Every structure is written in structure tokens, then in C-alpha cells.
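Novice:
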Amino acid sequence: QVQLVESGGGLVQAGGSLRLSCAASSSTFNLNTLGWYRQAPGKQRELVAVITSRGSTNYADSVKGRFTISRDNAKNTVSLQMNSLKPGDTASYYCYLQTRFRSDYWGQGTQVTVSS
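In the working numbering, the protein residues as written are 555 to 670.
1. According to DSSP, is Phe621 part of a helix, a strand, or is it coil?
2. Which value, in whole angstroms, describes the spacing of the CA atoms of Tyr659 and Tyr648?
3. At the level of alpha carbons, what is the spacing between Asn586 and Gln567?
4. Do Thr644 and Val666 have their beta-carbon atoms positioned less than 8 Å apart in this structure?
Here is the structure:
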């Protein structure tokens, strides 16, 4: 069983930055696809960014150029650097891990609130 623990959420003014981190208990972390999703009140959960085991990344159009996903296989962590934050980025952010056998795991979520 994989456990994911997020940290780094909080309240920030528009234009500010936050860095989210997620620590995973996976023993095969380097083989996993990792990502961040978010869900705002009344909306569906949406993909924010994903990074494959090979380091390829993909971003939602709404965050391209502002957010950067990265992984540290030595520390079993995945991070999301969020710059130029907007009120529309306000949501609960969830860490995501997919194993090579296509099993999905989620963190408990961390709240990001961007004030105008």
C-alpha cells in the first residue's frame, strides 16, 4: 500500500508563490508516474501537472508557464512550484501516484487559497 503525504499549502496573495511537496512510501518510486490534481468547490477534479518515470512533463493549459512539477527519486518526493498565483488557482491540491501496474493512489489533499 502506497501512502502519499502532501505539505506546503496555505494562503497567498495573487501574484505570489507556493511550493507543494508530496512524500511517497512507494518502494518503486522511480518507476511511478506522479502528478498533481486540484478540485475547487463545486467543480470536478482536474489535472494540473504530471511527470513520468522518465521525467516527461505535461501541464494543464491554465498553469503552463506558471507551475513547474519536479521529482526527486532519491527522496521519494514530487513537488509543484506555483508562481504568479491567481484567485482561480484556489482549490484543494492532491498528489497522485500511478504504479507501473496502473494502480492509482491519492494523497489527502492540501488547501491552496489565493486572495485577490
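The C-beta atom is built at its ideal place from N, Cα and C for all residues, glycine as well.
Bear in mind that the values here come from a model prediction, so they are computed numbers and not experimental data.
Specialist: Walking through what the data contain:
1. The answer is strand: DSSP assigns Phe621 an E or B state.
2. One C-alpha to the other measures close to 10 Å.
3. If you draw a straight line from the Cα of Asn586 to the Cα of Gln567, it comes to about 33 Å.
4. Cβ distance < 8 Å, so Val666 and Thr644 count as in contact.
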